[in-house]
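2 protein chains.
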Amino acid sequence: MKRAKKKIFADFVAQRGLKSTKQRDLILDGFLSSDRHLSIEELYLKLRAKHPNIGYATVYRTLKLFAEAGIAREMQFGDGQTRYEQVGEGEHHDHLVCTRCGSIEEFENETIEQLQAEVASSRGFLIERHRLELYGLCGSCRK
Amino acid sequence: MKRAKKKIFADFVAQRGLKSTKQRDLILDGFLSSDRHLSIEELYLKLRAKHPNIGYATVYRTLKLFAEAGIAREMQFGDGQTRYEQVGEGEHHDHLVCTRCGSIEEFENETIEQLQAEVASSRGFLIERHRLELYGLCGSCRK
DNA sequence: GGCTATTATGACATCCACTTTCAACTCGGA
DNA sequence: TCCGAGTTGAAAGTGGATGTCATAATAGCC
Numbered sequence: 001m002k003r004a005k006k007k008i009f010a011d012f013v014a015q016r017g018l019k020s021t022k023q024r025d026l027i028l029d030g031f032l033s034s035d036r037h038l039s040i041e042e043l044y045l046k047l048r049a050k051h052p053n054i055g056y057a058t059v060y061r062t063l064k065l066f067a068e069a070g071i072a073r074e075m076q077f078g079d080g081q082t083r084y085e086q087v088g089e090g091e092h093h094d095h096l097v098c099t100r101c102g103s104i105e106e107f108e109n110e111t112i113e114q115l116q117a118e119v120a121s122s123r124g125f126l127i128e129r130h131r132l133e134l135y136g137l138c139g140s141c142r143k
Numbered sequence: 144m145k146r147a148k149k150k151i152f153a154d155f156v157a158q159r160g161l162k163s164t165k166q167r168d169l170i171l172d173g174f175l176s177s178d179r180h181l182s183i184e185e186l187y188l189k190l191r192a193k194h195p196n197i198g199y200a201t202v203y204r205t206l207k208l209f210a211e212a213g214i215a216r217e218m219q220f221g222d223g224q225t226r227y228e229q230v231g232e233g234e235h236h237d238h239l240v241c242t243r244c245g246s247i248e249e250f251e252n253e254t255i256e257q258l259q260a261e262v263a264s265s266r267g268f269l270i271e272r273h274r275l276e277l278y279g280l281c282g283s284c285r286k
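In order, the protein sequence lines correspond to chains A and B. Per this note's numbering, numbering of the first sequence is gapless, rising by one per residue and ending at 143. Per this note's numbering, numbering of the second sequence is gapless, rising by one per residue and ending at 286.
Spelled out as structure tokens, the structure:
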């Protein structure tokens, strides 16, 4: 899984004539070994702890590259920060966002996806992607 | 409809000990007589055309007030601007956002809402609100 | 209609999360 | 090893949102 994503990114880098660098490797490692849904800053601070001479701009640019390479996806949950999550090939899921503790769970529901497709096609709309987020209280915060 | 919202806002203003001002009336008129999903800036420019001495900050603050009063809702569609849409009492709907022309259509689907509720409850999650957006090409842009 | 306390306004400053710039540095092929 | 092209990181720039503050307007009370 982790290995597969490294391969995808390595291929992407090669194919685009980009270079493999220490920073990119470090950032990729940090990204893949993290909880999902990190903000740029969270990842930056995490990396910074071990490698003090890594720049914010590099983390920022590298995450963009991950997104282009298809191993990460940009997300906005309304907290003012862009977050990145790992994506597997063709994989998609939606989110349950806790408004109290900020935790983010994922879910998938095939039926909902189908209904979305129906809504869209009945209006001549062609879906490229979608986002579905449920905001509320997670199990632990309800207690 | 328009009248009802004016009433709601007037009551809100009265109840909070706020004042009724020319600007607020103008902004409310402009807001209610617009396409939905205006950004602060769009509304500001639109108003500015007729009333050159109205400030951006006032539009910004007034829209926040509308949201508090329950006649508007803040939305983010990832274009970097906060948009506001009109809301009727208890009303909810989702969006089809065209990635080419930026147009935004609305839709409702009761079955999807029910499925969302099921997903949530099966995980002990309590939904407060949700957002569902389908991004893609609208009918006209597909041609 | 005046008075006054309170709230609102608007020009401007500031914040914040990126995003770009640019000189120095690194990578990889010849 | 050399060189051209890509990369890095500190710092400056952006753009939208939000805060500041002196001035203006409003509502309630004579």
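Quick reminder that beta carbons are idealized off the backbone N, C-alpha and C, glycines included.
*Identity of the residue in B/R272, B/G279 and B/H273 nearest B/R243 by Cα*: Translated into positions along the second sequence, residue 243 of chain B becomes position 100. Checked all of B/R272, B/G279 and B/H273; the closest Cα to B/R243 is B/G279.
*Could you say which of B/A157, B/E276, B/E234 and B/V156 lies nearest to B/F220 if we only look at CA atoms?*
In the second sequence, counting from the first residue as 1, residue 220 of chain B sits at position 77. Cα-wise, what sits closest to B/F220 is B/E276.
*May I ask you to report which of helix, strand or coil DSSP gives B/F250?*
As a working note, residue 250 of chain B is residue 107 in the second sequence. Correct three-state label for B/F250: strand.
*Pick out the complete beta strand (DSSP E) segments inside the region 68-132 of chain A, 3 residues or longer, and give them in chain order.*
Counting only runs of 3 or more, we get 72-76, 82-86, 94-98 and 104-107.
*Name the one or two DSSP bridge partners that A/S39 has.*
One-based indexing of the first sequence puts residue 39 of chain A at position 39. Answer is A/R83, bridged to A/S39.
*With DSSP as the reference, please indicate the residues paired to B/Y278 in a beta bridge.*
Sequence index remark: in the second sequence, residue 278 of chain B carries index 135 (1-based). According to DSSP, B/Y278 bridges with A/R129 and B/V240.
*Which class does A/K64 belong to by DSSP, given the choice of helix, strand or coil?*
Counted from its first residue, the first sequence places residue 64 of chain A at position 64. Residue state, collapsed to three classes: helix.
_Buried or exposed by the 16-neighbour rule on C-beta atoms within 10 Å, applied to A/H51_ = Numbered from 1 along the first sequence, position 51 holds the residue referred to as residue 51 of chain A. By the 10 Å Cβ count, A/H51 comes out exposed.
*Can you tell me where the alpha helix (DSSP H) with A/L18 in it begins and where it stops?*
Position 18 of the first sequence, counted from the start, is the residue given in the question as residue 18 of chain A. Taken as a continuous stretch (DSSP letters only), A/L18 belongs to no alpha helix (DSSP H), as it is neither H nor E.
_Between the CA atoms of B/G282 and B/S246 - distance to the nearest angstrom_ = Residue mapping note: residue 246 of chain B aligns to position 103 of the second sequence, counting from 1. Residue mapping note: residue 282 of chain B aligns to position 139 of the second sequence, counting from 1. The straight-line gap separating the alpha-carbon atoms of B/S246 and B/G282 is approximately 11 Å.
_Rounded C-alpha distance that separates A/I127 from A/E68_ = Taking the first residue of the first sequence as position 1, residue 127 of chain A is located at position 127. Taking the first residue of the first sequence as position 1, residue 68 of chain A is located at position 68. Across the structure, A/I127 and A/E68 are spaced so that their CA atoms are roughly 19 Å apart.
*asked:* On the criterion of 16 or more Cβ atoms from any shown chain inside 10 Å, does A/D179 qualify as buried, or is it exposed?
replied: The shown model of chain A, from 1 to 143, leaves out residue 179 of chain A, and the question about it has no answer.
_Reference A/I40; option with closest CA among A/K64, A/K6, A/R142 and A/C141_ = Position 40 of the first sequence, counting from 1, holds the residue named residue 40 of chain A. Scanning A/K64, A/K6, A/R142 and A/C141 for the CA closest to the CA of A/I40 turns up A/K64.
*In chain B, what lies closer than 9 Å to A/G130 by C-beta?*
Working through the first sequence from its first residue, we reach residue 130 of chain A at position 130. For the sequence presented, residue 130 of chain A should be read as His rather than Gly. Result: L275, E276, L277, Y278 and G279.
*Got a sec: which bits of the region 99-125 of chain A sit with their beta carbon under 8 Å from any beta carbon on chain B, in order along the chain?*
Cβ contacts with chain B come from T99, E105, F107, N109, T111, I112, L115, Q116, V119, A120, R123, G124 and F125.
*chain B residues whose Cβ lies nearer than 9 Å to that of A/Q76*: Along the first sequence, one-based indexing puts residue 76 of chain A at 76. By Cβ distance, chain B contributes Q219 and G221.
*With DSSP collapsed to three states, give me the class of B/K148.*
Walking along the second sequence from the start, residue 148 of chain B turns up at place 5. B/K148: helix per DSSP, three-state reduction.
*Tell me whether B/T170 sits in a helix, a strand or coil according to DSSP, three-state version.*
As a position in the second sequence, residue 170 of chain B is number 27, starting the count at 1. Reading off the sequence shown, one finds Ile at residue 170 of chain B, where the question assumed Thr. The three-state secondary structure of B/I170, taken from DSSP, is helix.
*Per DSSP, what kind of secondary structure is A/S152 in: helix, strand or coil?*
Nothing in the structure corresponds to residue 152 of chain A, since chain A is present only between 1 and 143.
*asked:* Considering only the alpha carbon of each residue, which of B/R179, B/K165 and B/A157 lies closest to B/H238?
replied: Translated into positions along the second sequence, residue 238 of chain B becomes position 95. Minimum Cα distance to B/H238 is reached at B/R179.
*Does the beta-carbon of A/R24 have 16 or more other beta-carbons within 10 angstroms, so that it is buried, or is it exposed?*
Counted from its first residue, the first sequence places residue 24 of chain A at position 24. In this structure A/R24 is buried. Its beta-carbon is surrounded by 16 or more other beta-carbon atoms within 10 angstroms.
*Can you find a C-beta in chain B that's less than 7 Å from the C-beta of A/R142?*
Translated into the one-based positions of the first sequence, residue 142 of chain A becomes position 142. Using a Cβ-Cβ cut-off of 7 Å, A/R142 counts as an interface residue toward chain B, since at least one Cβ of chain B sits closer than that to its own.
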